[in-house]
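Okay, so here's the structure we're looking at.
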Amino acid sequence: MNISGGESKVFLRMIRKELIIRPPLLGRIFNCYFSSKPILNIEKLEQESAVVDVVDEETKFREEQIERSRNKSRLNPADRNFLFDINPFPEEIHWYHGTLKYKRRLYGRYGKDSGIDPSICWPTDQELQDSVEYEKVAHPFTIPEMIQMAQKERAMKLEETQKRQKDMLIKLSKVEGWKKEMEMRIAKKEAEANAARQKRERLIEEVRKHFGYKVDPKDDKFKELLEKKEKEQKKLAKEARKKEKEAKLMEKLNKKNDNKNTKTVEKKDKASDDVDSDKE
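Just so you know, the sequence shown maps onto residues 10 to 289 in the working numbering.
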């Protein structure tokens, strides 16, 4: 098999191309090259390569048509891409598609399929400086200082908890006493209510005795006389409270006068004792 220099260069270029694009055709070329046939038909090889290119283009075009015909959703390409978790905008359309923030988010969402250089995700010098300034303002304390502050806060919370528990124990010890006081108040209220009811019943009975016959409590005369009796009872109760108050006041004054007289007598006795001692 005799091949000239120009033919060998063409042959090597074709081998490189076919090695990348069409491995099956490459196998046929190697078979031809290493076969025992004395003549290699370069023109025939070029024609087959052209035919394969045309066939590949047609296959690709047909597959694109089939894929388009499959899309019955009538969605926009961007919306459909988003639905299938594909980069919705492979090319920049809106103004914010070129911003650094958008590209970082896009890479974080779709990874290498987004077609974005991952190096843009690393913060810039200005961003690093801003981050350092933010940390200084937001967290101005050092780690030992933060530990000390946390310990103080924990100690304060523990002290408050212990104080609250102590207060609860004191109050629990007083529960029985409070129960008794409440029972006494309830009993007192019930006694007062019973006394008031009995008092009203007595007044009603007195009014009935005044008329000498059974009277309907809804009768106007009965109501008028009952109201009069109630006023008299209130007046008597008021006078009784007034007398009781006066009696307590007099008792207090008498007691005060007795104490005063006792002190006067003691002073006189002391003075006389002093005089007697001076005479001696």
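For each residue, glycine too, the CB sits at the ideal point set by N, CA and C.
This one's a predicted model, so the numbers in the text were calculated from it and none came from an experiment.
| Check | Outcome |
| --- | --- |
| Within a Cβ cutoff of 7 Å, which residues of the same chain sit near T271, ignoring the five residues on either side of it in sequence? | none |
| Jot down the residue ranges of each uninterrupted alpha helix (DSSP H) in the stretch 178-252, minimum 4 residues, whole runs only, in chain order. | 184-220 |
| So what's I102 in DSSP terms, helix, strand or just coil? | coil |
| Around the C-beta of L234, are 16 or more other C-beta atoms found within 10 angstroms, so that it is buried, or is it exposed? | buried |
| Measuring CB to CB, does N90 end up less than 7 Å from Y119? | no |
| Okay, do the stretch 191-203 and the stretch 162-182 touch, 3+ Cβ pairs below 8 Å being the bar? | no |
| Just tell me which of R206, K238 and A205 has its CA closest to the CA of K218. | K238 |
| Measure the beta-carbon distance from P132 to S140 and round it to whole angstroms, keeping in mind my assumption that it falls under 8 Å. | 7 Å |
| Buried or exposed: where does L137 fall if 16 or more other Cβ atoms within 10 Å of its Cβ makes it buried? | exposed |
| Which value, in whole angstroms, describes the spacing of the CA atoms of D267 and K252? | 22 Å |
| Which residues mark the beginning and the end of the alpha helix (DSSP H) in which F91 is found? | P86 to L92 |
| Are the beta-carbon atoms belonging to I129 and K112 less than 7 Å from one another? | yes |
| Reducing DSSP to helix, strand and coil, say where S140 ends up. | helix |
| Q207 to A246, Cα distance in whole Å? | 15 Å |
| Which residue wins for smallest C-alpha separation from E241, given the options L262, K265 and E215? | E215 |
| CA-CA distance, E100 and I125? | 11 Å |
| If we ignore side chains and look at the alpha-carbon of each, how far apart do E236 and R211 end up? | 13 Å |
| Between which residues of its own chain and K188 is the CB-CB distance below 8 Å, once the five residues before and five after are set aside? | none |
| Quick one: give me the first and last residue of the alpha helix (DSSP H) that K110 is part of. | L109 to Y119 |
| Alpha carbon to alpha carbon, how far is E144 from F93? Give it in angstroms, no decimals. | 40 Å |
| Kindly indicate which three-state DSSP category S82 falls into: helix, strand or coil? | coil |
| Taking all protein chains shown into account, do 16 or more other C-beta atoms lie within 10 angstroms of the C-beta of Y105, making it buried, or fewer, making it exposed? | exposed |
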